[in-house]
Amino acid sequence: MNIFDKAENILRADFTEIVRFEVEETADYTELDINEDGTIDIFDLIFVAQAFESQDVNADVNRDGTVNILDLVDVASHFGEEVTAAPAAGNLTTEQLQRWLTQARQADNGSPAFKRGITVLATLLRSLRPETTALLPNYPNPFNPETWIPYQLANSANVSISIYSIDGKLIRTLPVGYRNAGFYQKRSRAGYWDGRNMFGEKVATGLYFYTLKTGDFTATRKMLIRK
11 MNIFDKAENI LRADFTEIVR FEVEETADYT ELDINEDGTI DIFDLIFVAQ AFESQDVNAD
71 VNRDGTVNIL DLVDVASHFG EEVTAAPAAG NLTTEQLQRW LTQARQADNG SPAFKRGITV
131 LATLLRSLRP ETTALLPNYP NPFNPETWIP YQLANSANVS ISIYSIDGKL IRTLPVGYRN
191 AGFYQKRSRA GYWDGRNMFG EKVATGLYFY TLKTGDFTAT RKMLIRK
């Protein structure tokens, strides 16, 4: 298979150097607002990423016949147009953004548009990756019968959350496991305790402690069951 650059020069299929393409300024705003919601935002980036390696005409914003990192960077370079708020990463993961950022840096040709796109991706990645690992206050507290235990991870790690009685006895270890770096604060992502011990029995009213362990990090907070 032959690969052509923009000048129609044939490149060897077994080339080893990174092929650098040009990301042009796109004049038509509507082409970049792929989902037509009036804003060039994270949803447009996700739409492009989901169409990678396809020929989806909506996601192929640079009209080169295929959807790839070049289209994603093109959209990212106009990120936030018509919006005053800072970029938000939505439901993206750090792994997705890191992969896009790596691909974008490999294809970077030094143009202002490309630089803007890379900057947006890097900003989104930072917004998903906390500077520090921390155990946050559970909510609600006091509670009955259930509560959520939020936390944040500066690095991906195996996570353990354990519940202890006031005299230090282990009540329950919550099933968490390996988690990617990020914020785990919403109910759908935070640790969850239903107020039962390891035998499925409801625990008594009173003060309890919960401990987060991730690698070398350990933190403990207290919570109150009130019936």
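Numbering (our numbering), first residue to last: 11 to 237. All C-beta atoms in this analysis are idealised placements derived from N, C-alpha and C, irrespective of residue type, glycine included.
DSSP beta-bridge partners of residue i
| i | result |
| --- | --- |
| F209 | Answer is none; F209 lacks a bridge partner. |
| I173 | R182, Y220 |
| I159 | G201 |
| G187 | V169 |
Three-state secondary structure (DSSP) of residue i
| i | result |
| --- | --- |
| P122 | helix |
| A144 | strand |
| A214 | coil |
| Q195 | coil |
| G201 | strand |
| E34 | Low confidence applies here, because E34 scores a pLDDT of 40, under 50, leaving its location unreliable; read the following figure in that light. Looking at E34 - three-state DSSP - the assignment turns out to be coil, as it is neither helix nor strand. |
| I128 | helix |
| R136 | helix |
| A164 | coil |
| G231 | First, the residue type needs correcting, since residue 231 is Arg and not Gly in the sequence shown. If DSSP states are grouped into helix, strand and coil, R231 belongs with the strands. |
| R73 | coil |
Nonlocal neighbours in the same chain, by C-beta distance under 8 Å from residue i, ignoring five residues either side
| i | result |
| --- | --- |
| D204 | P155, E156 |
| E105 | N190 |
CA nearest to the CA of residue i, picked from the options
| i | options | result |
| --- | --- | --- |
| L146 | A214, R197, K237, L80 | R197 |
| A86 | K125, D74, G120, Q108 | K125 |
| K280 | K212, G225, K223 | In this structure the chain extends from 11 to 237, so residue 280 is not present and cannot be described. |
| L107 | T224, I79, F209, D118 | I79 |
| T103 | N190, Y202, F227, T228 | N190 |
| P150 | T76, S166, P122, G201 | G201 |
| P185 | R199, G178, S170 | S170 |
| D118 | R199, R136, D84 | D84 |
| G178 | F227, F219, T228 | F219 |
Cβ-Cβ separation, residue j to residue i (assumed contact under 8 Å), whole Å
| i | j | result |
| --- | --- | --- |
| L134 | G192 | Wrong, their Cβ atoms sit about 12 Å apart, outside the cutoff. |
| Y188 | Q162 | The Cβ separation is near 16 Å, so there is no contact. |
| R182 | N207 | 6 Å |
| T143 | T224 | 6 Å |
| T221 | T228 | 7 Å |
Own chain, CB closer than 6 Å to residue i, minus 5 neighbours either side, in chain order
| i | result |
| --- | --- |
| I5 | Missing from the structure shown is residue 5; the chain here goes from 11 to 237 and no further. |
| I176 | L217 |
| N148 | T157, I159, M233 |
| P152 | L234, R236 |
| N165 | A191 |
| A167 | T224, G225 |
| T94 | Unreliable positioning characterises T94 in this predicted model, as indicated by a pLDDT of 38, which lies under 50. The coordinate reading is nonetheless provided below. Around T94: no qualifying Cβ. |
Sequence-distant residues of its chain with Cβ nearer than 7 Å to residue i (five each side left out)
| i | result |
| --- | --- |
| L180 | S172, Y174 |
| L131 | A86, L107, W110, L111, A114 |
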